[in-house]
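Numbering (UniProt numbering), first residue to last: 1 to 157.
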């Protein structure tokens with residue numbers, strides 16, 4: 001087994017392989033470099049738009065237009081290097097939950113996502129908020145423990 005493949009648990013590697021194989025349209029053990037952003041996100045990573053070129057270059061350093069599974073796993077290792085753990089995500093949400101009620105208002109999260117760190121685009125924020133709609137209470141507040149679980153890649157839980 002290659003070094004990068006062995007960096008992940010067998011279950012995580014199987015998950016990567018399932019998505020990789022689904023995008024291996026010609027069934028030759030390679031996926032198109034243009035599919036890397038989609039595959040990385042399907043596998044649970046949430047790279048910033050600014051990181052996508054680095055991920056594509058990692059997957060396809062020779063610019064052949066495709067990569068094999070070993071290169072894809074190296075890309076996934078890089079993609080997960082900047083993922084936050086459940087603990088870190090909880091601490092970030094608690095900045096807005098000063099009363100420690102376990103939820104935050106959507107407008108507070110939008111403000112944070114547009115002004116702090118690497119600000120997200122409106123399109124990214126809208127998609128993120130839509131994804132979190134199932135994690136809201138009856139008043140429309142985001143129950144962040146549920147949201148964190150949903151957002152945290154399996155390997156960081």
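Ideal placement from N, C-alpha and C gives every residue a C-beta, glycine not left out.
Exercise for the section: Measuring alpha carbon to alpha carbon, tell me which of 85, 45, 135, 121 ends up nearest residue 12. Expected result: In terms of CA proximity to residue 12, 45 leads the group 85, 45, 135, 121.
Problem - Sub-9 Å separation of residue 141 and residue 105 beta-carbons - result: In this structure, residue 141 lies near residue 105, with their beta-carbon atoms less than 9 Å apart.
Practice task
Taking 9 Å as the cut-off, decide whether the C-beta atoms of residue 28 and residue 67 are in contact.
Solution key: no
Exercise for the section: Could you give the DSSP three-state label for residue 8: helix, strand or coil? Expected result: coil
Exercise for the section: In angstroms with no decimal places, state the Cα-to-Cα distance between residue 109 and residue 26. Expected result: 42 Å
Problem - Own chain, CB closer than 7 Å to residue 135, minus 5 neighbours either side, in chain order - result: 142, 143, 146, 147, 150
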